[in-house]
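Undergrad:
Printed below as a string of structure tokens:
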């Protein structure tokens, strides 16, 4: 369906609706094709109208910070949804924090530390948004979302629902959301603690991450899930793939579970390099690595 007629099938919205939008600038890899339509709802009510009244057969793709995401070069059909200002509030409570889906995980961790709340420090090592973290049960440095989540509010075509951690059926890097469900905000429990101690823990995680990961590169974070009892980076290293390149795509020499865009790589280059790494690990260790980075969209024509 041509882009203009496609957009005309959407309900009237108060937020921003754009056609044929380049998505590469939104992603950490800086690659990927355009979205047919990019929608940024004004607030929860606007989002609920979109989910309720958009055509049921129209594809819907939710974008967070696009930090752990590879958008293919042909782009995304249908609606790409990005939550922004109306979804970024953070409210501190005595024993926890309620954060909007568009709030950054690092901001949530910093707010908790500044408020003397402990238990959310690991989130300073999670690049992304609260909504994305809930949707994939993000984790790092010994913590996971399922360890700290009290509830998440999720917009659906039938309205807004509040789901407990149990209802989300968390698994490793996975949560079970309702069909076309979009996380809008979530509450995380925390423990009142010493502000200086919590801040020091935050600084330690930052320093450890800076030392071990290519945090200033064009990357998508951890590329593959850790197999049971194994570390993906160690399997990749043992298979001889550290520093491997394909065009301008590279397996990081600093941390070989990270793929890098050295400048000018395509999404196809990065994905093909990842598949080469998987093949090498399978041949060397007999282990099939599973992608942790979410790959979406269509290949280039």
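In the numbering used here, the protein residues as written are 864 to 1164.
We treat Cβ as the ideally placed atom computed from N, Cα and C, and that holds for glycine.
Quick one: what's got a C-beta closer than 6 Å to residue 1028's C-beta in the same chain, skipping five residues either side?
TA: 1009, 1012, listed in sequence order.
Undergrad: What's the C-alpha gap between residue 1050 and residue 1142?
TA: Their Cα atoms are separated by approximately 40 Å.
Undergrad: I'd like to check one pair, residue 877 with residue 909: are the Cβ atoms closer than 8 Å?
TA: Their beta carbons are under 8 Å apart, which means residue 909 touches residue 877 by this criterion.
Undergrad: Just tell me which of 1002, 951, 1090 has its CA closest to the CA of residue 907.
TA: Ranking the options by Cα distance to residue 907, first place goes to 951.
Undergrad: Considering only C-alpha positions, which residue in the set 1116, 874, 945 is nearest to residue 918?
TA: Per the Cα distances, 874.
Undergrad: Throw me the rounded Cβ distance for the residue 986 and residue 1017 pair, which I believe falls under 8 Å.
TA: Going by Cβ atoms, the distance from residue 986 to residue 1017 rounds to 20 Å, so no, they are not a contact pair.
Undergrad: Between the alpha carbons of residue 1116 and residue 967, how many angstroms are there, rounded?
TA: Going by the C-alpha atoms only, they are around 28 Å apart.
Undergrad: By the 10 Å Cβ neighbour count, where 16 or more other Cβ atoms means buried, how is residue 920 classified, buried or exposed?
TA: Exposed.
Undergrad: So the candidates are 990, 992, 954, 995; which of them puts its Cα closest to the Cα of residue 975?
TA: Ranking 990, 992, 954, 995 by Cα distance to residue 975 puts 954 first.
Undergrad: Excluding the five sequence neighbours on either side, which residues of its own chain have a C-beta within less than 7 Å of the C-beta of residue 1167, listed in chain order?
TA: Since the first residue of the chain shown is 864 and the last is 1164, residue 1167 is not available in this structure.
Undergrad: Near residue 1133, which residues of its chain fall below 7 Å by C-beta distance, leaving aside the five closest residues on each side in sequence?
TA: Around residue 1133: 892, 894, 933, 1112, 1122, 1124.
Undergrad: Which stretch, first to last residue, makes up the alpha helix (DSSP H) that contains residue 970?
TA: 968-977 is the span of the alpha helix (DSSP H), which, as asked, contains residue 970.
Undergrad: Which partner residues does residue 956 have in the DSSP bridge list?
TA: According to DSSP, residue 956 bridges with 959.
Undergrad: Helix, strand or coil for residue 1029? Go by DSSP, reduced to three states.
TA: Coil at residue 1029, not helix or strand.
Undergrad: Identify the continuous alpha helix (DSSP H) that holds residue 1096 and give its terminal residues.
TA: Element bounds for residue 1096: 1095-1101.
Undergrad: Which value, in whole angstroms, describes the spacing of the CA atoms of residue 998 and residue 1147?
TA: Distance between the alpha carbons of residue 998 and residue 1147: 33 Å.
Undergrad: What's the call for residue 1149, buried or exposed, on a 16-neighbour Cβ count within 10 Å?
TA: Looking at its Cβ environment, which holds fewer than 16 other Cβ atoms inside 10 Å, residue 1149 is exposed.
Undergrad: Got a sec? Which residues, its chain only, sit under 7 Å from residue 1064 by beta carbon, not counting five neighbours each side?
TA: Once the five neighbours on either side are set aside, the close Cβ partners of residue 1064 are 984.
Undergrad: Note down the Cα distance separating residue 1126 from residue 1015, rounded to an integer number of angstroms.
TA: About 38 Å.
Undergrad: For a test of the three-state rule: what should DSSP assign to residue 857, helix, strand or coil?
TA: Nothing can be reported for residue 857: it is not among the residues displayed for the chain, which extend from 864 to 1164.
Undergrad: Would you decide whether residue 1021 is buried or exposed? Buried here means 16 or more other CB atoms lie within 10 Å of its CB.
TA: Looking at its Cβ environment, which holds fewer than 16 other Cβ atoms inside 10 Å, residue 1021 is exposed.
Undergrad: Rounded to whole angstroms, how far is the Cβ of residue 1047 from the Cβ of residue 1131, which I believe are closer than 8 Å?
TA: Actually they are not in contact, since the Cβ atoms of residue 1047 and residue 1131 sit about 34 Å apart, beyond 8 Å.
Undergrad: So, for residue 937: in the same chain, excluding its five sequence neighbours on each side, which residues have a beta-carbon less than 8 Å away from its beta-carbon?
TA: These residues qualify, in order along the chain: 896, 1160, 1161, 1162, 1163, 1164.
Undergrad: Expressed to the nearest angstrom, what Euclidean distance is found between the alpha-carbon atoms of residue 960 and residue 888?
TA: Their backbone Cα atoms lie some 30 Å apart in a straight line.
Undergrad: DSSP puts residue 992 in a beta bridge; with which residues?
TA: Partner(s): 967.
Undergrad: By DSSP, does residue 1047 sit in helix, in strand, or in coil?
TA: In the structure shown, residue 1047 sits in a strand (DSSP, three-state: E or B).
Undergrad: If you follow the alpha helix (DSSP H) that residue 885 is part of, which residue opens it and which one closes it?
TA: Segment 879-885 is the beta strand (DSSP E) holding residue 885; no alpha helix (DSSP H) there.
Undergrad: Is it true that the CB of residue 1098 sits closer than 8 Å to the CB of residue 1152?
TA: Yes, the pair counts as a contact, with Cβ atoms nearer than the cut-off.
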